[in-house]
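Trainee: Once you've had a glance at the structure underneath, I'll fire off some questions.
There are 2 protein chains.
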Amino acid sequence: MTTPDPGARITARSMAIVRRELARRGIAVSPPLDAVVERVVHSTADVEYATLLRASPGAVEAGVAALRRGCAVVTDVNMVRVGISARRVTALGARVACFVGEPGVAEAARRAGLTRSAMGLRRAAELGLLEGGLAVVGNAPTALDELLRLVAQGVRPALIVGVPVGFVGAAESKAALMGVRAVPWITVEGVKGGSAVAVAVVNALLILAESHGLE
Amino acid sequence: MTTPDPGARITARSMAIVRRELARRGIAVSPPLDAVVERVVHSTADVEYATLLRASPGAVEAGVAALRRGCAVVTDVNMVRVGISARRVTALGARVACFVGEPGVAEAARRAGLTRSAMGLRRAAELGLLEGGLAVVGNAPTALDELLRLVAQGVRPALIVGVPVGFVGAAESKAALMGVRAVPWITVEGVKGGSAVAVAVVNALLILAESHGLE
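Note that the protein sequences, when read in sequence, are chains R and H.
Per our numbering, the very first residue in the first sequence carries number 161; after that it's consecutive.
Per our numbering, the very first residue in the second sequence carries number 161; after that it's consecutive.
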């Protein structure tokens, strides 16, 4: 098939509009972060994200390298898990996992006084999946809080994508993430974020990992 | 268990903040649409949605009544399918379906020159699931276009939740939805929207359907 499908054509047109909108507003982001920013604005149709996205030095490169090694991508919620391109993940030999709905997680969360998504990340750490993997939080500030606790205990994901959303705890947990030096991170300033933003970040990293750049 | 889990406590605190923020900005929405608006703002942390959400007369009531009858909830993408509260859907005897990844849909879409999500909705219509059901489009304008074509052919969902996102076709497809008189609808003005918005609308309807109001 040389003809792109309608979805691919729409994406290409949309990305051209995004680049024009960013240029018109005088927003210039350096590579390779520009690919992530453009994908988030494309997915949300919200140009504000171009000024809210933050990344630690080398974060994009670290995520791309981990994906090329076929790492685990652990998500806090299933909405993020299913939004990540399964085709691209499989092509790289990577895999996506989410433990929020796994047997025993709800009961363990209740006993520990944690949310289910926070307990899901703890379970992933117990299984060794976070070490060298992508830890992706798109929904629950409590999951990002738990992730930062695990990092303080020595767990070392290759990259944290931490973009929980909401009026309770999200801005605070993301501010704490921006203070982390031990692990690279990508996040969003303030209350906004969510599953669609998390998915867009990871899918942008997957596209970079498939391409021949960033060698 | 009488103690709410941490997730429920966070939601309650967040909803109180949302109501205060809307009041502070002088935004007043009448019941029962207020419950939908509050849930969308809670889920996105984006107060702008309070001024962008639109509904045809009686749309919320129509959706709630259909859910109480145990209708099918058909979504365009899996991110919307998995975000809808499975517990609440099951409690009402309803069910959620999404055909975007079903066998044969990709190939049929290619042959028809449609996107996979548009073909997924056509497949749901062929199976009779849209009749009296909730048709929920959170991602793809092309799926909403196809849904409007099906409605023009006589298909009658109980409610259309049409909130596709993006710079290409989303605003236009939602404007077309706002012109529909044959079927009740809930939508968002402009380019913004997405899976999280679609999920928030449906989960708000589910909570209303479980409650004793709107009898």
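No residue lacks a Cβ here, since even glycine has one placed at the ideal position from N, Cα and C.
In the stretch 314-336 of chain H, which residues sit with their C-beta less than 8 Å from some C-beta in chain R, listed in chain order?
Mentor: V325, G326, F327, V328, G329, A330
Trainee: Starting from the C-beta of S262(R), find all residues in its chain whose C-beta is less than 8 Å away, skip the five residues before and the five after it, and write them out in chain order.
Mentor: For the record, residue 262(R) in the displayed sequence is Glu; it is not Ser. Closer than 8 Å at the Cβ level, and outside the excluded window around E262(R), lie G280, R283.
Trainee: Residues of the stretch 215-241 of chain R with a CB closer than 7 Å to any CB of chain H: list them in chain order, please.
Mentor: N238, M239
Trainee: From the DSSP output, in three-state form, read off T171(H) for me.
Mentor: helix
Trainee: Could you name the residues of the stretch 272-290 of chain R whose beta carbon sits closer than 9 Å to any beta carbon of chain H, in the order they occur along the chain?
Mentor: G273, L274, T275, R276, S277, A278
Trainee: Between S355(H) and V237(H), how many whole angstroms is the CB-CB distance? I'm expecting something under 8 Å.
Mentor: 6 Å
Trainee: Let me know the secondary structure DSSP gives A266(R) once reduced to three states.
Mentor: helix
Trainee: For V321(H), tell me which candidate among G298(H), G230(H), V311(H), V189(H) has the shortest Cα-Cα distance.
Mentor: G298(H)
Trainee: Alpha carbon to alpha carbon, what distance is there between P344(R) and T162(H)?
Mentor: Note that T162(H) scores a pLDDT of 45, beneath 50, so its modelled location is shaky and nothing firm can be said.
Trainee: Measure from the alpha carbon of G350(H) to the alpha carbon of each residue in M338(H), V359(H), A330(H), then state which is nearest.
Mentor: A330(H)
Trainee: Would you mind reading off the limits of the beta strand (DSSP E) that contains R214(R)?
Mentor: 213-215
Trainee: What are the residues that DSSP puts in a beta bridge with A232(H)?
Mentor: R255(H)
Trainee: Please state whether DSSP places A358(R) in a helix, a strand or coil.
Mentor: helix
Trainee: Between the alpha carbons of L290(H) and R185(R), how many angstroms are there, rounded?
Mentor: 42 Å
Trainee: Where DSSP assigns a beta bridge to G322(R), which residues make up the other side?
Mentor: V297(R), T347(R)
Trainee: Determine, using beta carbons only, whether A210(H) comes closer than 8 Å to chain R.
Mentor: no
Trainee: Shorter than 7 Å, the distance from the beta carbon of V297(R) to the closest heavy atom of the ligand SAM, or not?
Mentor: This structure does not include the ligand SAM; it has no bound ligands of any sort.
Trainee: What's the gap between the Cα of A358(R) and the Cα of V240(R)?
Mentor: 7 Å
Trainee: Under 7 Å between beta-carbons, which chain H residues line up against R270(R)? List them in chain order, please.
Mentor: D165
Trainee: A232(H) and R255(H) look like a contact to me (Cβ under 8 Å); what is the Cβ gap, rounded to whole Å?
Mentor: 6 Å
Trainee: In chain H, what lies closer than 7 Å to V351(R) by C-beta?
Mentor: A205
Trainee: Rounded to the nearest angstrom, what separates A210(R) and G288(H) at their Cα positions?
Mentor: 43 Å
Trainee: From which residue to which residue does the alpha helix (DSSP H) around R341(H) run?
Mentor: Careful: R341(H) lies outside any alpha helix (DSSP H) and carries neither H nor E.
Trainee: Can you find a C-beta in chain H that's less than 8 Å from the C-beta of S355(R)?
Mentor: For S355(R), the answer is yes, since a Cβ of chain H falls inside 8 Å of its Cβ.
Trainee: How about H202(R) and V178(R): do their beta carbons lie closer than 8 Å?
Mentor: yes
Trainee: By the criterion of Cβ-Cβ separation under 7 Å, what are the contact partners of R173(H) in chain R?
Mentor: Within chain R, the residues near R173(H) are V328.
Trainee: Can you list the residues of chain H that I177(R) reaches, using a CB-CB cut of under 8 Å?
Mentor: F327, V328
Trainee: Kindly indicate which three-state DSSP category I177(H) falls into: helix, strand or coil?
Mentor: Per DSSP, reduced to three states, the secondary structure at I177(H) is helical.
Trainee: Straight-line CA distance for A269(H) to Q313(R)?
Mentor: 49 Å
Trainee: Taking G264(R) as the query, report the chain H residues whose CB atoms sit under 7 Å from its CB, ordered along the chain.
Mentor: In chain order: nothing, as chain H lies at least about 15 Å away.
Trainee: Hey, S277(H) and A300(H) are a contact pair by Cβ (cut 8 Å); roughly how many whole angstroms apart?
Mentor: 4 Å
Trainee: Excluding the 5 residues flanking L304(H) on each side, which residues of the same chain have their C-beta closer than 6 Å to its C-beta?
Mentor: V297, G322, P324, S333
Trainee: Can you list, in chain order, the residues of its chain whose CB lies under 7 Å from that of A369(R), leaving out five sequence neighbours each side?
Mentor: V224, L227, R228, L252
Trainee: Determine the contact status of R248(H) and L366(H), defining contact as a CB-CB distance below 8 Å.
Mentor: yes
Trainee: Between which two residues does the alpha helix (DSSP H) carrying A278(H) extend?
Mentor: 276-286
Trainee: For chain R, check one thing: does any of its Cβ atoms lie closer than 8 Å to the Cβ of I367(H)?
Mentor: no
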